[in-house]
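Residue numbers (the numbering used here): 8 to 316. Idealized CB from N, CA, C, for every residue including glycine.
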Ligand code: 13P
Ligand code: SF4
């Protein structure tokens, strides 16, 4: 593995490529990345890179966002099958109909959606700026929020809105078991529960802190507490533990039995170190977005980045 890592680092230099990785990626991929972050951080990094090639170690919608921000650069993804259940829960034709049924509404979409959906949106948000983005719209203006109903419900609650929600969700964050979580908390009453807002409302109700992956890591780093139950994809534990080597991190339990890896995102885990290497060698698979879609989809992303400065 060390040899492969070395080869990737050399090739990356030779080809003037940058590797952007999400926290849910395998540890060995995070180790060779130039930047590891949450969706917002990764978009901001993609916006400012001078590299010729962007290798995106994450899922398709993230690489698509990087491509929208860098139309003249080559954006490559180690496995084109690395999709997202949340993005898949919002098919463009059905969403177009939904918008037509709510003609006066501003459309805000969570970044976990396809470029085609972004092209139908006024604003995009991520889990770390959703509240800010929603609050940028006057209170009397009706809003459609898609595709994540759990994040939408959470933002409705904290911002006192009544946004119309698309009925989408993430299979990983909906797999947490509330009963097992309560049992686990009874065994560790000193642990603080932290959760990603894609989790269901009953899970979020138990959490002391709710935030994006980067915000969860930051919270654990700066908290006085020593023990945390972490309700998000298990890949986050690698970087989190590196940052707080003396604290205890316990992954939130899933509905299925203990042999199931349901708190792992199967899409994220499609990327392997070997595929990263092959992808750099071949400069493929490449993200291609039809020009007509790209022209429209970049606008709500730019608005979001402007609001996040
Ligand atoms: P973050 O932007 O919080 O990293 O979330 C991305 C994601 O896909 C969570 O499932
Ligand atoms: Fe999509 Fe869920 Fe995987 Fe995040 S964890 S990339 S929302 S399927």
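Beta-carbon spacing of residue i, residue j below 8 angstroms
{"i": "residue 64", "j": "residue 85", "result": "yes"}
{"i": "residue 97", "j": "residue 274", "result": "no"}
{"i": "residue 118", "j": "residue 46", "result": "yes"}
{"i": "residue 308", "j": "residue 87", "result": "no"}
{"i": "residue 142", "j": "residue 166", "result": "yes"}
{"i": "residue 121", "j": "residue 94", "result": "yes"}
{"i": "residue 34", "j": "residue 245", "result": "yes"}
{"i": "residue 175", "j": "residue 154", "result": "yes"}
{"i": "residue 59", "j": "residue 80", "result": "yes"}
{"i": "residue 30", "j": "residue 43", "result": "yes"}
{"i": "residue 24", "j": "residue 36", "result": "no"}
{"i": "residue 291", "j": "residue 183", "result": "no"}
{"i": "residue 15", "j": "residue 39", "result": "yes"}
{"i": "residue 11", "j": "residue 281", "result": "yes"}
C-alpha gap between residue i and residue j, whole angstroms
{"i": "residue 48", "j": "residue 312", "result": "10 angstroms"}
{"i": "residue 109", "j": "residue 151", "result": "8 angstroms"}
{"i": "residue 26", "j": "residue 147", "result": "42 angstroms"}
{"i": "residue 298", "j": "residue 304", "result": "10 angstroms"}
{"i": "residue 158", "j": "residue 83", "result": "29 angstroms"}
{"i": "residue 162", "j": "residue 226", "result": "19 angstroms"}
{"i": "residue 229", "j": "residue 41", "result": "24 angstroms"}
{"i": "residue 21", "j": "residue 278", "result": "22 angstroms"}
DSSP beta-bridge partners of residue i
{"i": "residue 201", "result": "216 and 237"}
{"i": "residue 81", "result": "60"}
{"i": "residue 171", "result": "151"}
{"i": "residue 29", "result": "44"}
{"i": "residue 258", "result": "237"}
{"i": "residue 133", "result": "Residue 133 is not bridged to any residue."}
{"i": "residue 115", "result": "130 and 152"}
{"i": "residue 24", "result": "60"}
Status (buried if at least 16 other CB within 10 Å, exposed otherwise) for residue i
{"i": "residue 189", "result": "exposed"}
{"i": "residue 325", "result": "Here the chain has residues from 8 to 316 only, and residue 325 is not among them."}
{"i": "residue 137", "result": "buried"}
{"i": "residue 204", "result": "buried"}
{"i": "residue 287", "result": "buried"}
{"i": "residue 71", "result": "buried"}
{"i": "residue 172", "result": "buried"}
At least 3 beta-carbon pairs within less than 8 angstroms: the segment 193 to 201 vs the segment 231 to 248: yes
Meets three-Cβ-pair contact criterion under 8 angstroms: the segment 125 to 141 and the segment 172 to 191: no
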